[in-house]
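Below is one structure, written out as structure tokens; the observations come after it.
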Amino acid sequence: MNEPLRRPTAYDTAGVEVHRPVPLAPVPAAPLAPVQQGGIPSVASVVLPDGRVVTGYAVAPAQPEPVAAKPAVSRAAVNVALGGVGFLAVCGGLFLLTAFITALTALVTQLVILAAVLFSGWAAVQVLSARGHRGGTTVNIRKATFKRNHFHG
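Residue numbers 1249 to 1401, in my numbering, belong to the letters of the sequence shown in order.
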């Protein structure tokens, strides 16, 4: 483990391959394309109080979208007007509906009164009619004596 360090000799570098950089031939500059105005923003640099320089593109502030022109009449007013027109269109039907319900109520009331009159007439005929023998025990008394409201037979 603790072997003494050896110095490299000339034979030790025989397997090493050395590459030397070759300079590149200069390339002719390509012609620059014309830049449209406003296509690429200009680069701005700002020096901070502590001496640092910040470089970046200038950002234009966001422009708000143009507001559409307001209509002459508000939507709420249009909705109220349309609701009023619809209510007026329905009023005739509502009047007919209430008239129908009133007539139906009067008819049912008259039918109930007619049934009560007919039933009471039938009941009166049943109670007051004399149809002969109505059931029960018939007692013929020929000779009976009543003393002090007591019957002795």
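Beta carbons: idealized from backbone N, C-alpha and C, even for Gly.
Just so it is clear, the structure is predicted and the values come from calculations on it, not from any experiment.
- In the DSSP assignment, Val1291 is bridged to Tyr1305.
- Counting along the chain, Gly1334 sits inside the alpha helix (DSSP H) bounded by residues Arg1323 to Leu1376.
- Between the alpha carbons of Ala1320 and Gly1334 lies a distance of about 23 angstroms.
- Pairing Val1365 with Leu1336, the inter-Cα distance amounts to about 44 angstroms.
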